[in-house]
Structures are given as C-alpha cells and as structure tokens.
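What follows is a single structure, written as structure tokens, with notes after it.
Written as structure tokens, this is what we have:
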C-alpha cells in the first residue's frame, strides 16, 4: 500500500508560482499511514536561470564528495556550463547551461561511478529520500519550493528494497520533466523489463514502478502524445495500478481496468488536485469540496 498525490494550478504562469512544495508535503503527511519507508516529490514549473536542472544522489560505493566531483566533471566534459551546484550530504542539485543532446548527457552521468541520476529537467526536479515526508522536508527544504504543479508519493515497500533509489517519483529517462508516481503492482514487470532492456532502455532499480516511466519514455520516443501513451498503458500494463504523471506543462493519471487502487479528484476553474485519500485534499483545501472518484480504465490530463 502506497499513497500518491498531485496538484496543479492552471493559471499560475500568469498569476505567479504556487507553494507546490508545501502543499505536497501537507498532502503526503496525511497519508503517512499508507507508507513511511520513503517519500518523494516532483516540483514542476520552476523558474530557472539555466537550461537544465539535474538531481543526483551519490551511492555508497565511494565518498559522496568524490562522486559529486565526478558528476560535475562529467557535465563539463559533455559541454555543459555549471551555473550552480548545491551539495547536501549525498545529494547534488546542479543547474547548467547545455546545448547538447540530453540523452547523451544522461548516459554519461549514468556511466559515472557512484552516480544515481534522479532527474534531468528544464523546469522540474525530483527529490526523494527514505523516511516520512516531514523528515524529507526537514532535510531538503521542500516546503520552500514553488512551481505550477507537482506529484508526490509515500511508499510502503512490498517487493523491492527500501532505499533512496527505489523511492518514487521515477524519471522517464531520457525525457526531461516526465516523472511518475504509482500505487499498485505490475504482474508483467519482468517480461516487459527484459524486452525494454533488449532494446537499449536503462533501468536503475528493481522497482516495478520504474517500468511505467520507461514505458512512457518509449511511447514518447515513438512520437506518441501523452494522452495516447496513457491510454495504451491501460492495455499493455498488467496488474492493479493507479499512477500520476507530471510533465513540463501539465499532469495526468491512469487507472487500471480493475480500479482497485483508490484515487480522489477535486477540480475547480483554477486548480486540480488528486490523492489516494480525500483527507489529503482536505489538508490543503478546507472549504467544501466537489470531489469525484475516477473509475476503471480511465485516463485524464491537464495543462498548466
């Protein structure tokens, strides 16, 4: 059992950025009973003074300082110009100007010893950690981050191990700004993973949820629009699942044919919010809610 949440302000590009970080933390904290092994968020629609925002975690194979230094060297060697680099414990938040091929840069970083690549975005970042949302917020200052939209996750591990890499969200490598949070289990994970790996796709974990991100990346690479990729996933992915996807310009969800994993939706003229439980919506919106529950075999997307 896990908890997912998403929120998007439809007109924030004209009215100003919203406190997405603080609101996601509130929503996730109300659902910590659904999972306290790890937590994570995507903050999207950020205003950057650079081309790319790169989020990296240094694994335990070497001292974090050495891995972070190697990651910076990789970005520079690939033609990037570092604008800022904020290293905190084993995490690196790096902004850079870069005119090259993002998949090539991502591959170079993945080949850098000790580097775990959480995301590359033009207007978004993935932040995830072990522990509760409150602990994650204390470590990373998520409540201070503003944007147009975002998604979040609290995890109770049922199959793969508990560590930072297996936490959600998962980035749809190598597409900038496409990330996924998921509640459910995919029963055709192993077969689909072998197929994707045979075609050159990269997996960084043994978490079945990562397959959804890779699946969407494959569809987008083939020219599919996000709507059609979500629609196709309902038939191609097997199991019980509800997932949210965040892109550069919007957000969406997909719900399997069994509708076994809960999702509650609230939408007004200016904002849309989704969560596994209504209590998460009420943590942010205290007025009377006009809410619905998306049904089986259903997808929907919104643009910020």
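In our numbering, the protein residues as written are 807 to 1110.
Every residue, glycine too, gets a C-beta built ideally from N, C-alpha and C.
Just tell me which of 1046, 884, 957 has its CA closest to the CA of residue 1118. A question about residue 1118 goes unanswered here, because the residues of the chain that appear run from 807 up to 1110.
Does the segment 1062 to 1069 come close enough to the segment 1081 to 1099 to have 3 or more Cβ pairs within less than 8 Å? Touching, yes, given that three or more Cβ pairs across the two stretches are closer than 8 Å.
Within 10 angstroms of its Cβ, does residue 903 collect 16 or more other Cβ (buried), or is it exposed? For the purposes of this step, residue 903 is identified with residue 97 of the chain shown, where counting begins at 1. Flag for residue 903 reads exposed.
With respect to 6 Å, is the separation between the Cβ of residue 1018 and the closest non-hydrogen atom of the ligand MN below this value? The model depicted lacks the ligand MN and carries no ligand whatsoever.
Cβ contact (3+ pairs, closer than 8 Å) linking the segment 871 to 880 and the segment 971 to 984: Because the criterion of three Cβ pairs below 8 Å is not met, the segment 871 to 880 and the segment 971 to 984 do not touch.
Closest by CA to residue 810, which one among 1109, 1095, 1058? Within the chain shown, numbered from 1, the residue matching residue 810 stands at position 4. For residue 810, the closest alpha carbon among the candidates 1109, 1095, 1058 is that of 1058.
Is the Cβ-Cβ distance between residue 953 and residue 849 less than 7 Å? Here residue 953 is taken as the residue at index 147 of the chain shown, counted from 1. Here residue 849 is taken as the residue at index 43 of the chain shown, counted from 1. Contact: yes.
At what residues does the alpha helix (DSSP H) containing residue 948 begin and finish? Indexing the chain shown from 1 puts residue 948 at position 142. Under the DSSP assignment, residue 948 falls outside any alpha helix (DSSP H); it carries neither an H nor an E label.
Candidates 1022, 990, 841, 1027: which alpha carbon is nearest residue 1013's? Reading the chain shown from its first residue, position 207 is the one you call residue 1013. The shortest C-alpha separation from residue 1013 is found at 990.
Can you look up residue 1111 in the DSSP assignment and give me helix, strand or coil? No answer is possible for residue 1111: the residues shown for the chain start at 807 and end at 1110.
Per DSSP, what kind of secondary structure is residue 962 in: helix, strand or coil? Taking the first residue of the chain shown as position 1, residue 962 is located at position 156. Under the three-state reduction of DSSP output, residue 962 falls in the coil class, being neither helix nor strand.
Could you give the uninterrupted runs of the alpha helix (DSSP H) lying entirely in the segment 880 to 955, keeping only those of 4 residues or more? Here the runs fully enclosed are 908 to 916, 939 to 946.
Start-to-end residues for the beta strand (DSSP E) that takes in residue 847: By one-based count along the chain shown, residue 847 stands at place 41. First-last of the beta strand (DSSP E) with residue 847: 844 to 850.
Which residues share a DSSP beta bridge with residue 1057? Taking the first residue of the chain shown as position 1, residue 1057 is located at position 251. BP columns for residue 1057 point to 1052, 1108.
DSSP state of residue 1036 mapped onto helix, strand, coil: On the chain shown, position 230 is the one that residue 1036 refers to. Here DSSP, grouped into helix, strand and coil, assigns residue 1036 to helix.
Consult DSSP for residue 807 and reduce its assignment to one of helix, strand or coil. For this step, residue 807 is matched to residue 1 along the chain shown. In the structure shown, residue 807 adopts coil according to DSSP, grouped into three states.
Taking all protein chains shown into account, decide if residue 968 is buried (16 or more other Cβ within 10 angstroms of its Cβ) or exposed. For the purposes of this step, residue 968 is taken as the residue at position 162 of the chain shown. Residue burial is scored here from C-beta neighbours: residue 968 has fewer than 16 other C-beta atoms within 10 angstroms and is therefore classed as exposed.
Using three-state DSSP, classify residue 1070 as helix, strand or coil. Locating residue 1070 in the chain shown gives position 264, counting from the first residue. Under the three-state reduction of DSSP, residue 1070 is assigned to strand.
Rounded to whole angstroms, what is the Cα-Cα separation between residue 798 and residue 1061? The shown model of the chain, from 807 to 1110, leaves out residue 798, and the question about it has no answer.
Would you report the Cα separation of residue 829 and residue 1053, rounded to the nearest angstrom? As a first step, residue 829 must be located in the chain shown, where it is residue number 23. As a first step, residue 1053 must be located in the chain shown, where it is residue number 247. Rounded to whole angstroms, the separation of the alpha carbons of residue 1053 and residue 829 is 18 Å.
How far does the alpha helix (DSSP H) with residue 987 in it reach, from first residue to last? On the chain shown, position 181 is the one that residue 987 refers to. Element bounds for residue 987: not the alpha helix (DSSP H) but the beta strand (DSSP E), 985 to 992.
I need the straight-line Cα distance from residue 1022 to residue 1036, nearest angstrom please. Counting from 1 along the chain shown, the entry for residue 1022 is found at position 216. Counting from 1 along the chain shown, the entry for residue 1036 is found at position 230. Taking the straight line joining both Cα atoms gives about 8 Å.
Quick check on residue 867: buried or exposed, where buried means 16 or more other Cβ atoms within 10 Å of its Cβ? The residue given as residue 867 occupies position 61 in the chain shown. Its Cβ having fewer than 16 others within 10 Å, residue 867 is exposed.
Reduced DSSP category for residue 1087 - H, G, I as helix; E, B as strand; rest coil: Looking up residue 1087 in the chain shown gives position 281. Helix.
Taking 6 Å as the limit between beta carbons, can you name the residues of its chain near residue 1077, skipping five residues before and five after? Here residue 1077 is taken as the residue at index 271 of the chain shown, counted from 1. Cβ-Cβ distances below 6 Å link residue 1077 to 815 in the same chain, with the five nearest sequence neighbours on each side left out; the list follows chain order.
Can you tell which of 906, 881, 921, 893 has the C-alpha that lies nearest to the C-alpha of residue 1010? If you number the chain shown from 1, residue 1010 lands on position 204. With distances taken between Cα atoms, residue 1010 lies closest to 921.
Measure the CB-CB distance between residue 957 and residue 812 and report whether it falls below 7 Å. Reading the chain shown from its first residue, position 151 is the one you call residue 957. Reading the chain shown from its first residue, position 6 is the one you call residue 812. Their beta carbons are under 7 Å apart, which means residue 957 touches residue 812 by this criterion.
Check whether the Cβ atoms of residue 923 and residue 882 sit closer than 7 Å, and answer yes or no. Walking along the chain shown from the start, residue 923 turns up at place 117. Walking along the chain shown from the start, residue 882 turns up at place 76. No, Cβ-Cβ distance for residue 923 and residue 882 is not below 7 Å.
Expressed to the nearest angstrom, what Euclidean distance is found between the alpha-carbon atoms of residue 856 and residue 885? Within the chain shown, the letter at position 50 stands for residue 856. Within the chain shown, the letter at position 79 stands for residue 885. Distance between the alpha carbons of residue 856 and residue 885 is about 14 Å.
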